[in-house]
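Asker: I have a structure here, written as structure tokens, and I will follow up with some questions on it.
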């Protein structure tokens, strides 16, 4: 009709065509969201496992299992030992102070793995904190400076407060694994640290003990990771395997081990039965 405006029916919505740049940005943001959600879920799951197992599934899996219960001692030094046949054998003398007492027995039901915690070397009460004193007092043990765990396949027969005698665990002729902190030598160069060869000492050479070239310039244009270079030497935990026990002296409370062990006199030594595949360690 004249003078009146006809109603216009709404047209169907036409889908707007997105550009390629918009699609790429949307897909990137969606992927980031999925990755964030998955990382959060995995983080929460790993955190829950860590709380339940008392230290994390990854850390418990990485722990190596010992072939048997061991003891801790103190390195006293080296000497020459004469065997009955007259053969001279260089030995390391390891003494034992008061300690080597079982302070805790961990099981898979309570801690997620089987292990025996052992304490060594008696100290004064004021050297320890109240939580440490409470932990040792719960086991009925004396105040001790060092606590270490020995992860075993079975913890049957062990109880808190039990004393571990060296002569009952080892005998002469046994093979043992000895671990301790090696002697720290500070910052050293490549010759002493990695046994590099030195440069010429004459004919105008100006590179005697220098490291030399550490990589090409243009390609790759960087230094590869793990390159042997000068740095801190020693002062790390080291293990020497399959050392023979030559002599066990009950009166002096010392053990003589053939060869050298890590560390300097006075260092803490950890002695465990040697791992022999097929004998005390499964082949798998």
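In UniProt numbering, the protein residues as written are 1 to 284. Positions of the beta carbon are idealized from the N, C-alpha and C atoms, including for glycine. Quantities reported herein were computed from a predicted structural model and do not represent experimental measurements.
#1: Compare the Cα-Cα distances from residue 252 to each of 69, 93 and 78 and report the closest residue.
#2: Evaluate the contact criterion for the stretch 65-74 versus the stretch 135-154: three or more CB pairs, one atom per stretch, below 8 Å.
#3: Between which residues of its own chain and residue 306 is the CB-CB distance below 8 Å, once the five residues before and five after are set aside?
#4: Taking residue 150 as the reference, give the member of 209, 244 and 66 with the closest Cα.
#5: Measure the Cβ-Cβ separation of residue 99 and residue 119 and say whether it is below 7 Å.
#6: So, residue 334 versus residue 181, is the Cβ gap smaller than 7 Å?
#7: For residue 84, count neighbouring Cβ atoms within 10 angstroms of its own Cβ and tell me buried if that reaches 16, exposed if not.
#8: Name the one or two DSSP bridge partners that residue 345 has.
#9: Of the residues 161, 185 and 244, which one's Cα is nearest the Cα of residue 257?
#10: Mark residue 102 as exposed unless 16 or more other C-beta atoms lie within 10 angstroms of its C-beta, in which case mark it buried.
#11: Excluding the five sequence neighbours on either side, which residues of its own chain have a C-beta within less than 8 Å of the C-beta of residue 205, listed in chain order?
#12: Do residue 95 and residue 273 have their C-beta atoms closer together than 7 Å?
#13: With the cut-off set at 7 Å, would you say residue 175 and residue 283 are in Cβ contact?
#14: If you run the structure through DSSP and keep just helix, strand and coil, what is residue 185?
#15: On the CB-based measure, 16 or more other CB atoms within 10 Å of its CB, does residue 261 come out buried or exposed?
#16: According to DSSP, is residue 132 part of a helix, a strand, or is it coil?
#17: Here's the rule: buried if 16 or more other CB atoms are within 10 angstroms of the residue's CB, otherwise exposed. What is residue 183?
#18: Nearest-angstrom Cα distance between residue 254 and residue 89?
Answerer: The relevant details are as follows:
#1: 93
#2: yes
#3: For residue 306 there is no data in the structure shown, the boundaries of the chain being 1 and 284.
#4: 66
#5: yes
#6: In this structure the chain extends from 1 to 284, so residue 334 is not present and cannot be described.
#7: exposed
#8: What the structure shows of the chain is the stretch from 1 to 284, and residue 345 is not part of that stretch, so it cannot be assessed.
#9: 244
#10: buried
#11: 199
#12: no
#13: no
#14: coil
#15: buried
#16: helix
#17: exposed
#18: 16 Å
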